[in-house]
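S.K.: Got a structure for you, questions after.
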Amino acid sequence: MGATTAHSAEHAHTAHHHHEESFISKYIFSHDHKMIGKQFLVTAIFMAWVAVIMSLIFRLQLAWPGEGFAFTSFFLGEKWAPGGVLDPNMYLALVTIHGTIMVFFVLTGGLSGTFANLLIPLQIGARDMASGFINMLSYWFFLMSSVVMLASLFVEGGPASSGWTVYPPLSALPQTIPGSGAGMTLWLVSMTLFIASSLLGGLNYVATILNLRTKGMKMTRLPLTMWAILITAVLGVLSFPVLLSAALLLLMDRSMGTSFYLSDIHVAGEALDHVGGSPVLFQHLFWFLGHPEVYIVLLPALGITSEIISTNARKPIFGYRAMIGSILAIGFLSFIVWGHHMFVTGMNPFLGSVFVATTLLIAIPSAVKVFNYITTLWRGNIIFTPAMLFSVGLVATFIAGGLTGIILADSALDINVHDTYFVVAHFHIVMGMSAIFGMFAGIYHWFPKMYGRMMNTKLGYAHFWITFVCAFGVFFPMHFIGLAGAPRRYYSYSEFPMFNGVMDLNILVTVFAIIGALAQVIFTYNFFYSMKRGPKAVQNPWKSNTLEWTTPVEHLHGNWPGPLPVVHRWPYDYSKPGKQEDWVSQITPLEHDEEEH
Amino acid sequence: MMKLLILLVVVLGVMAIAQLARVYELTARLRGKREEDISAADNRMNARLMWAFLIAYFAFFLWLVMAYGDKMLPVAASEHGAETDWLLNFNWIILLIAFVLTNVLLFWFAGKYIYSKDRKAFWQPHNNKLELIWTVIPAGVLAVIIIMGLTTWGKITAPAGPGAVEVELYAKQFDWTARYPGADGVLGATDFRLINGTNPLGIVTKESIQLRMDEIDASIAGSDSLLANTIMADNKRAEVTEQVERLRRTQARIVNLRTVMELDIKEKGSASQYLYGADDIVTKDFYLPVRKEAKILIRSRDVIHSAYIPHLRSQMNAVPGMTTTMKMVPTITTDSMRTHVMKDDTFDFILLCNKICGASHYNMQMPLTVTTATDYEKWMAEQFKKPFQAPPADATPAAPAVVDSTTVTVPVTAQASVITN
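Chains as they are written, first to last, in the working numbering: chain A, 89 to 685; chain B, 222 to 642.
So, in structure tokens, the structure goes:
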């Protein structure tokens, strides 16, 4: 790093274009996609820690309800945790903000933001993003949104507390819960900024992938990461505006006396003026984003894993075209399934049946993906880098969480598990764990590309195995708590003797959660230590075929010192018969009698 | 002190990790290797751990099933519940097969094909026949799941038949109230603007309208005299003025409601929905007769709640501004549950709130008693005599909610009661 930009980058500005970039233009207002990717990543790691600590606080309360903990009072103080006992309103605030941060700031901003920015120009052979400036704005909106979200933790009344889905009227009326005051306003402002960030980023990703591919990089030669990120960006661009409109209407209901979501409400001793609105409308708008959002979170992780599994099994990804097809199918179907979150809202039962059918159809491309991953491993030549471990972990969580999804998608069965811990278990495994495993895999895999150094492998192993075991230790027992009928978002179950039988599982879950969180200390240490002191990376440490490994280790603005590389083959020529090595870079021309694949 | 200790532990932990990592790096360098290179031993260890994990994973699953299988919800106490439980078990079988199959293959392959310099991976970029197989088989299985699921769903959500017991569940932060039709067999109309201490559900009757109008008049008069006779800060004055305006608006709407009601009565005569409210039974007890279809109408006063009765496998949201419904046929009485199923004298069916609704969401419950038809009749007869007791949380003193006048006798078969505002 810190190299002088001797070559003339096509996108660079003429103003400061000699010698070293200043600290500000290099690290802060950077237009360089690699730096922006890293900015997203470091911000996301910080946000993830905030959300993890929140989850530990409420896990302590769930395991030992009503007991005081120094840990709790350390973070929350006497107001929200008198004597170290978590306040019920704060409990709801914590689950709300934990969910919001994890879904949006870590797994959307953090995952897409990091890897789309880092990888798109590198893997398609471009100097930078289509618009470096818009890309920079995307990060700055993201950071502002993070700051506003964190600021909401400190307002009187506490942060938003109506669940990360912020259903009105609870989220609209401060009379119903203290968190729906200033905290909720900040939540909406933060989300508005976040959506702006996501849209700016998404448009840029789509434009770059479609327009800036280097010579020979046909769509059918794109790495699967690129396909996944492309479809993710399309989903985001189409669905986030709907959330924006939902948020704006909610803002108006809250502050300007409109009645989009409110009707016939009598609260705090008085009848409100609002008539004619429908709270269910908000749910439709919310989940029209909310469900594609699940795939916005998941698809990049699946793309990253496809790449890593193929590279480290030294074997072409099985069924490349089928993988693309299933990404497209999942992307398309994700827009017509949102109603499965609303089977018990009083939505028309016939509409419900349509959503049952469309939702269960998603299981087909998902199954294809799983079988293709497994077949890629079959008779492979597997190298267990930490990235590979996390990729295998992703397939395992995708299986476990995907299968319970079939129960939840079946409206007749959903009635009894809706909003119970069964759902909590399901989405944490299939969306939370899978996506975070994909993110970890990506970090370990592309760390040498980001920082020119290697992460410590042994710590990576320790990190993976502890995290992997704890992930199942935390979320697997939750299925059983849910099947006993225990609802989610309960501060305590002590008022319900019927759940006594499964409550000791909560202690097990919390113990695993604590160990799992400690394992993230290993990761964080490894990440920041290796950034500065890790062993120097070679140009292509994993013997990978894709273009990013043909760039020099030292970052250049413009990525390739000479002309852009020309692509001659697909990215998965691993262990190709007749080749000396077990890999062939995409820039190696086909021999005259060689078939592409 | 405790905080210091926690910080100390964290700092020491990080330092320990750091030292361990350094030791690894240095020993690797001593052996002439780079730590970041994956050795054959590393690969072998991880491969073995993959297999070990597979075994531990299934063992953990089995342990959970054996230790907690009997602590899941007991046998379904409703007709559709028995059906969904069967369907759930049927799905479990399919899912278990897929779960075991895919996990065994995944971890087995991951552990088996360890890297070796001496061989190359099998070149197999695609195989259309295999792809076809694992597209068509899941598609077929899912078709079965969809068809069976939708058949059951159709039955559950079909409208309740004539003669079903009709009950309204009314949710508010943080309790439930039940309403049964009175002697006329029909639930009367409601309006949220009529809600007060004595009329917690806002049932519309001529009396409740008059009562509410008087109440608002009194409030407005009180505020007016306050405004006229006291010195207050400008913001306080604005606040009171605004409150008066809101009350006036509410009053105007109530006047409107009264006009609509009078017109409706004039037009429809004794079929008007506004004539059935007076004898409705508002109660904190929730009773259902066994083996009789129950049609539950669900409403909410403030935010979204959800009426969830786990033992009956029933759930439906309570949404302010609309009436949702669910139906069920309870098949086991509370007594039989106590003596035969749970062997626990304190057992009760529970109606609980299952949609985040505020600070006390975790304790918004109401017991449900399922009784024999005769006991149900007996209980019903008592309710006719008993005036409604407003919950202690409400500040206003309790008074009879059932305004005993305008008893209009209508045939009980008039099932289609419309509950709107």
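Ideal placement from N, C-alpha and C gives every residue a C-beta, glycine not left out.
Can you tell which of F311/B, N456/B, M434/B, L448/B has the C-alpha that lies nearest to the C-alpha of R469/B?
M.R.: For R469/B, the nearest C-alpha among the options comes from M434/B.
S.K.: Among the residues of its own chain, which have a CB less than 6 angstroms from the CB of M521/A, if the five just before and after it don't count?
M.R.: Only T485, A559 meet the Cβ criterion.
S.K.: When the cut-off is 8 angstroms and only beta carbons count, does H685/A lie next to chain B?
M.R.: Yes, H685/A lies at the interface with chain B (some Cβ there is under 8 angstroms from its Cβ).
S.K.: Are the C-beta of M549/B and some C-beta of chain A separated by less than 8 angstroms?
M.R.: No, M549/B does not count as interfacial toward chain A.
S.K.: Reducing DSSP to helix, strand and coil, say where T560/B ends up.
M.R.: Correct three-state label for T560/B: helix.
S.K.: Roughly how many angstroms separate the alpha carbons of L283/B and S580/A, rounded to a whole number?
M.R.: The straight-line gap from Cα to Cα measures roughly 27 angstroms.
S.K.: Counting along the chain, where does the beta strand (DSSP E) carrying K606/B start and finish?
M.R.: Careful: K606/B lies outside any beta strand (DSSP E), inside the alpha helix (DSSP H) at 594–606.
S.K.: Counting Cβ pairs, one atom from each stretch, are 3 or more of them under 8 angstroms apart for the region 478–490 of chain B and the region 557–571 of chain B?
M.R.: Judged by Cβ distances under 8 angstroms, the region 478–490 of chain B makes no contact with the region 557–571 of chain B, as fewer than three pairs qualify.
S.K.: Work out the CA separation of K114/A and A139/A for me, nearest whole Å.
M.R.: The alpha-carbon atoms of A139/A and K114/A are separated by roughly 29 angstroms.
S.K.: Taking the straight line between their C-alpha atoms, what separation do you get for P653/A and D216/A?
M.R.: Approximately 14 angstroms between the Cα atoms of the pair.
S.K.: In this structure, does DSSP put Q211/A in helix, strand or coil?
M.R.: Three-state result, Q211/A: helix.
S.K.: Taking a contact to mean a Cβ-Cβ separation below 8 angstroms, would you say G302/B touches R559/B in this structure?
M.R.: In this structure, R559/B does not lie closer than 8 angstroms to G302/B by Cβ.
S.K.: Note down the Cα distance separating P170/A from A248/A, rounded to an integer number of angstroms.
M.R.: Looking at the two C-alpha atoms, the distance is approximately 20 angstroms.
S.K.: Does the beta-carbon distance from I452/A to L316/B come in below 8 angstroms?
M.R.: Cβ atoms of I452/A and L316/B: not closer than 8 angstroms.
S.K.: Where R414/B and F370/A are concerned, what is the direct C-alpha to C-alpha distance, given to the nearest angstrom?
M.R.: If you take the alpha carbons of R414/B and F370/A, they lie about 24 angstroms apart.
S.K.: Between the region 425–439 of chain A and the region 324–335 of chain B, can you find at least three pairs of beta-carbon atoms closer than 8 angstroms?
M.R.: Output reads no: the region 425–439 of chain A does not touch the region 324–335 of chain B.
S.K.: In three-state DSSP terms, what is S521/B?
M.R.: Looking at S521/B - three-state DSSP - the assignment turns out to be strand.
S.K.: Measure from the alpha carbon of F328/B to the alpha carbon of each residue in H514/A, D502/A, F478/A, then state which is nearest.
M.R.: The shortest Cα separation from F328/B among H514/A, D502/A, F478/A belongs to F478/A.
S.K.: If we count Cβ pairs, one from each stretch, closer than 8 angstroms, do we get three or more for the region 251–263 of chain A versus the region 333–343 of chain A?
M.R.: Yes, since at least three Cβ pairs between the region 251–263 of chain A and the region 333–343 of chain A fall closer than 8 angstroms, the two stretches touch.
S.K.: What does the Cβ neighbour count give for P209/A, buried or exposed, with the cut at 16 atoms within 10 Å?
M.R.: With 16 or more Cβ atoms within 10 Å of its Cβ, P209/A is classed as buried.
S.K.: Can you look up D438/B in the DSSP assignment and give me helix, strand or coil?
M.R.: Correct three-state label for D438/B: helix.
S.K.: Run the CB neighbour count on E257/B, radius 10 Å, all protein chains shown included, and call it buried at 16 or more, exposed below.
M.R.: Its Cβ being crowded by 16 or more others within 10 Å, E257/B is buried.
S.K.: Output needed for Y391/B: all residues of its chain with C-beta closer than 6 angstroms, excluding positions within five of it in sequence on either side, in chain order.
M.R.: So the list reads T398, L422, R520, once near-sequence residues are dropped.
S.K.: Under 9 angstroms Cβ-Cβ, which residues of chain A neighbour L327/B?
M.R.: Within chain A, the residues near L327/B are V458, Y461, I462, L465, V480, V483, A484, I487.
S.K.: Nearest chain B C-beta to E583/A closer than 8 angstroms, yes or no?
M.R.: For E583/A, the answer is yes, since a Cβ of chain B falls inside 8 angstroms of its Cβ.
S.K.: In the DSSP assignment, what residue or residues form a beta bridge with G271/A?
M.R.: Note: G271/A sits in a beta bridge opposite P247/A.
S.K.: With a threshold of 16 other CB atoms inside 10 Å of the CB of L233/B, please say whether the residue is buried or exposed.
M.R.: Flag for L233/B reads exposed.
S.K.: Below 8 angstroms between beta carbons: does that hold for V330/A and S347/A?
M.R.: Contact: no.
S.K.: Interface residues of chain A around D523/B at Cβ under 9 angstroms?
M.R.: P257, L258, L261, Q263, T264, I353, H354, V355, A356, listed in chain order.
S.K.: Please confirm if V235/B has its CB atom under 8 angstroms from at least one CB of chain A.
M.R.: Taking Cβ atoms only, chain A reaches closer than 8 angstroms to V235/B, which makes this a yes.
S.K.: Just to confirm, is the Cβ distance from Y495/B to G409/B under 8 angstroms?
M.R.: Going by C-beta atoms, Y495/B is nearer than 8 angstroms to G409/B.
S.K.: Does the beta-carbon of P665/A have 16 or more other beta-carbons within 10 angstroms, so that it is buried, or is it exposed?
M.R.: Its Cβ having fewer than 16 others within 10 Å, P665/A is exposed.
S.K.: By DSSP, does Q627/A sit in helix, in strand, or in coil?
M.R.: Coil at Q627/A, not helix or strand.
S.K.: Closest by CA to G481/A, which one among I475/B, W313/B, Y278/B?
M.R.: The shortest C-alpha separation from G481/A is found at Y278/B.
S.K.: With H, G and I counted as helix, E and B as strand and the rest as coil, what does DSSP make of K292/B?
M.R.: Reduced to three states, the DSSP call for K292/B is helix.
S.K.: With distance defined between alpha-carbon atoms, name the residue in A389/A, T296/A, T160/A nearest to L174/A.
M.R.: If we check each option's Cα against that of L174/A, T160/A comes out closest.
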